[in-house]
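First the structure, in the form of structure tokens, and then the observations on it.
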Amino acid sequence: MAGVPTPGRGVARSVTRSASAGRDIGIDDPLDKGYLCEHICECSAGTAIFSKSGQELKQRCVTARIWLDEEASQLVWRYKAEVGFNMKTNPPAPLMSRDQPNRPSRFPLGRAIGDGILKRNLEGRPQKGLLRIPDCIILKSTGAELAAMRASGHIDWKRLIPVKANIETVVEIKFDGDQLSRSQQEDYALIAGPDRFRLLKANDCECGAKRRRPVEEPVRSPVTTPMKRERTEQRHWYQPAPPKPAPAPRPVRPQYGPVASQEEGSSMSSWLKTAGVAAGVVLVGVIAVAALPAEAVAAGVALLVVGGAATAAPINKDKKP
């Protein structure tokens, strides 16, 4: 399926005619016929869906393609494939999905058995006549109306449920070898109303010839549905922000040995300068002492001794004898 097709068709509607006995009435609307025949021709050329016996399931192929179109259009779609109907109710009620109430069940047979609509006979097979699954349901909502719903953001889901009031046509698709029973045709009239049943045969599509699309087909333009936009906004809120780049490292000036604080002492360079000055003073003092006579040296030593004693024992004036 190339891209997302525009839902349905233009404003034109199909014309309903009464069917005479023994004569099949085909689809009148060229847009409805063109859409269904496109899938019929593609599935007639080949399908990857097979039965257990190896037979090609062409009808299941058409159904799968219509489901893809419906999902791509966020369920706002004019065509509903293989909708199961409970024939016990009047009018027959469609079997909808439990997870998505706005979508028909994809497994109507299992849903009917689970709901107790069908019971199995002695051979283990489900009863017949209590469940009908038409090949395709065409709703009354036109393509322009569906596009307006999606553009405005307000989806009228009640109009998209395949109940009798919303159904325009019930279509039964028949490939070569398929037969339509009388009871099927009567039940389809109960589902959609009298004269709303249509039979579409694969031979009516003229798959071998190159078919032109009807001129009434609306111009296809991409439409952003509210559901898709809403999911995009939700992703925007919880999507983490990209990480910021790490700052560039600053150049570090090399240090040769630990730097001592003033409380811990002076640095090595300061100590070396002080030691050099002290050594120079001592050396000068030694040279001066050597040049003095012996009496002067003895007097200087005595003076140092007396001064040290006086410093060690200060006079306490406050103490009385």
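With full-length UniProt numbering applied, the sequence shown closes on residue 321, and no number is skipped along the way.
Ideal Cβ placement from N, Cα and C applies to all residues, glycine included.
Leaving aside the five residues that flank I167 on each side, the residues in its chain whose CB is nearer than 8 Å to its CB run, in chain order, I137, I138, L139, K140, I191, A192, G193 and R196.
The criterion of a C-beta distance shorter than 8 Å is not satisfied by I49 and L36. Around the C-beta of D156, fewer than 16 other C-beta atoms lie within 10 Å, and the residue is accordingly described as exposed.
W67 is the residue among E42, W67 and K174 whose C-alpha sits nearest the C-alpha of P104. Judged by beta-carbon spacing, L160 lies within the 8 Å limit of L75, meaning their Cβ atoms are closer than that value.
Between E82 and I133, the C-beta spacing is below 8 Å.
Counting only unbroken stretches of 3 or more residues, the beta strand (DSSP E) elements lying wholly within the segment 157-191 are 167-174, in sequence order. At a Cβ-Cβ threshold of 8 Å, G26 and D135 do not count as neighbours. Secondary structure in the segment 35-83: the alpha helix (DSSP H) runs of 4 residues or longer, each lying completely within the stretch, are 58-72 in chain order. Burial of E70 is indicated by the presence of at least 16 other C-beta atoms within 10 angstroms of its C-beta. Ranked by how close their Cα comes to the Cα of E38, the residues S53, K119, R65 and G54 have R65 in first place. Apart from sequence neighbours up to five positions away, the residues of its chain that approach C61 with a beta-carbon distance below 7 Å are C43, T47 and I49, ordered along the chain. If you ignore the 5 residues before and after K88, its C-beta comes within less than 8 Å of the C-beta of I117 and L130, all in its own chain and listed in chain order. Annotation for L199: the continuous beta strand (DSSP E) segment containing it runs F197 to K201. Per DSSP, L139 lies in no alpha helix (DSSP H) segment; the continuous beta strand (DSSP E) that holds it begins and ends at C136 to L139.
Buried is the label assigned to S73, since at least 16 other Cβ atoms lie within 10 Å of its Cβ. By a beta-carbon distance limit of 8 Å, P91 does not contact K174. Their separation comes to about 25 Å.
Taking the Cβ atoms as the reference, R78 lies roughly 19 Å from G153, outside the contact range of under 8 Å. Boundaries of the alpha helix (DSSP H) harbouring E145: G143 to S152, taken from the DSSP string. Contact annotation: L95 and R106 have beta-carbon atoms that are not nearer than 8 Å. G110: member of the alpha helix (DSSP H) spanning P108 to G114, first to last residue.
Contact between D176 and A202 holds: their C-beta atoms lie close to 7 Å from each other, under 8 Å. Apart from the 5 residues on each side of it in sequence, R250 has no Cβ closer than 7 Å to any other Cβ in its chain. When the Cα atoms are used, E186 and Q59 turn out to be separated by approximately 21 Å. Considering only A246, Y188 and G114, the residue with the shortest C-alpha distance to R198 is Y188. Between the alpha carbons of D29 and Q100 lies a gap of roughly 30 Å.
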